[in-house]
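Colleague:
Residue numbers (this note's numbering): 1 to 301.
#1: Using the three-state DSSP reduction, which class does residue 99 fall into: helix, strand or coil?
#2: Could you check which residue in 175, 171 and 134 has the C-alpha nearest to that of residue 160?
#3: Going by other Cβ atoms of all chains shown within 10 Å of its Cβ, with 16 needed for buried, is residue 56 buried or exposed?
#4: DSSP has residue 180 in a bridge; who is on the other side?
#5: Please indicate yes or no: does the CB of residue 126 lie closer than 8 Å to some heavy atom of the ligand COA?
#6: Quick check on the burial criterion: 16 or more other C-beta atoms within 10 angstroms. Buried or exposed for residue 52?
#7: When you compare only the Cα positions, how much space is there between residue 98 and residue 259?
#8: Could you pull the start and end residues of the alpha helix (DSSP H) that residue 248 belongs to?
#9: Could you give the DSSP three-state label for residue 258: helix, strand or coil?
#10: Let me know the secondary structure DSSP gives residue 272 once reduced to three states.
#11: For residue 46, which three-state DSSP category applies?
#12: Drop a sphere of 10 angstroms on the beta-carbon of residue 165, count the other beta-carbons inside from all chains shown, and report buried for 16 or more, exposed for fewer.
#13: Measure from the alpha carbon of residue 68 to the alpha carbon of each residue in 127, 169 and 171, then state which is nearest.
#14: With residue 280 and residue 120 assumed to form a contact (beta carbons below 8 Å), what rounded beta-carbon distance in angstroms separates them?
#15: Assign residue 209 to one of three DSSP states: helix, strand, or coil.
#16: Is it the case that the Cβ atoms of residue 48 and residue 172 are separated by a distance below 9 Å?
#17: CB residue 125 to CB residue 64, shorter than 9 Å?
#18: How many Å lie between residue 190 and residue 42 at the Cα?
#19: Give me the residue from 266, 283 and 249 with the minimum Cα distance to residue 302.
#20: The alpha helix (DSSP H) with residue 138 in it runs from where to where?
#21: Excluding sequence positions up to five away, which residues of its chain have a Cβ less than 7 Å from the Cβ of residue 290?
#22: What is the DSSP secondary structure of residue 240, counted as helix, strand or coil?
#23: For the alpha helix (DSSP H) containing residue 22, name the first residue and the last one.
#24: Determine the DSSP secondary structure at residue 83, reduced to helix, strand or coil.
#25: Restricting to Cα atoms, I'd like to know which of 101, 111, 282 and 84 is closest to residue 230.
#26: Buried or exposed: residue 168, going by 16 or more other Cβ atoms within 10 Å of its Cβ?
#27: Could you check how far apart the C-beta atoms of residue 90 and residue 144 are, in whole angstroms? I think they sit under 8 Å.
#28: Do residue 71 and residue 96 come within 9 Å of each other at the CB atom, strictly closer than that value?
#29: Is residue 262 closer than 9 Å to residue 206 when the C-beta atoms are compared?
#30: Starting from the C-beta of residue 247, find all residues in its chain whose C-beta is less than 6 Å away, skip the five residues before and the five after it, and write them out in chain order.
#31: Beta carbon of residue 30, beta carbon of residue 194: below 9 Å?
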């Protein structure tokens with residue numbers, strides 16, 4: 001519960017500090033740039049070395065990608081049908097598929113399923129959500145923030161220049177070699193700034209009264225993230241008669257609220273920051289109820 005309390009305190013602190021004259025209007029932008037260029041790459045370099053390959057964790061890895069692909073397709077379809085603006089579509093395409101499956105997800109899995117289920121949550125996050133942030137996330141940001149004509153070359157160039165993606169490549173490379181010194185003591189303190197900076201930035205951006213124009217995508221986005229996607233995944237494990245703890249944890253993880261780091265990236269990119277902050281902030285609050293419902297469904301199966 002310590003992590004949950006920390007999230008709430010930082011979130012409320014950011015919301016309160018935005019009214020203080022000591023902080024300029026561009027404070028959230030500066031915080032988000034630090035996340036994108038410093039904190040997140042450091043975290044990736046630390047975590048990607050810890051990934052250990054095992055056939056025991058195929059289900060959470062597979063289900064993580066299935067959930068993200070399904071939710072991305074649903075978002076794209078809804079945005080097309082309702083003719084949402086480009087910035088709203090880009091925001092939803094990043095925040096609905098990518099859930100807070102690590103910092104929020106792991107303690108929630110521990111609370112509902114126990115410590116023995118944590119490895120499944122870690123693999124769901126590390127091989128799924130975490131890798132998607134640096135790859136799929138870079139693709140969406142490059143596609144929806146371009147002010148010039150979209151070409152395959154431009155998209156690839158932006159992805160290759162995306163700091164988290166570069167960190168993924170470097171991290172994978174470092175796994176293959178043995179460094180003469182341990183760099184974790186250097187990277188860990190830097191990586192530890194990710195959550196405080198990201199949550200403070202979200203708190204700075206949050207508006208209690210969301211603009212009228214973002215209310216529809218706000219409710220649709222949270223409905224798809226917190227209810228529709230996990231219910232579809234629950235239907236899949238029912239159809240396949242998968243009653244293992246790995247399958248249940250995977251369904252539970254698919255219902256996590258939008259990822260805080262993804263929200264920081266969206267806000268930094270200017271993709272409807274009000275919507276992004278609302279999805280992150282209220283998503284955390286609403287998820288306590290939705291996750292309890294999902295857990296009840298899983299307990300009946």
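Beta carbons are placed, not taken as given, at the ideal position from N, Cα and C, and that holds for glycine.
Computed from a prediction, not measured in an experiment: that's the story for all the values here.
Modeller: Reading it off the structure:
#1: strand
#2: Minimum Cα-Cα distance from residue 160 among the listed residues 175, 171 and 134 corresponds to 134.
#3: exposed
#4: Residue 180 is not bridged by DSSP to any residue.
#5: The ligand COA is not among the ligands present in this structure, which contains no ligands whatsoever.
#6: exposed
#7: 6 Å
#8: 245 to 254
#9: strand
#10: coil
#11: helix
#12: Answer is buried; the Cβ neighbour count reaches 16.
#13: 127
#14: Rounded, the Cβ-Cβ distance is 25 Å, inconsistent with contact.
#15: coil
#16: The answer is yes: Cβ separation under 9 Å.
#17: yes
#18: 6 Å
#19: A query on residue 302 cannot be resolved here, the shown segment of the chain reaching from 1 to 301 and no further.
#20: 131 to 144
#21: 226, 227 and 255
#22: coil
#23: Run containing residue 22: none; DSSP gives neither H nor E here.
#24: coil
#25: 101
#26: With 16 or more Cβ atoms within 10 Å of its Cβ, residue 168 is classed as buried.
#27: 3 Å
#28: Judged by their CB atoms, residue 96 and residue 71 are nearer to each other than the 9 Å cut-off.
#29: no
#30: So the list reads 59 and 237, once near-sequence residues are dropped.
#31: no
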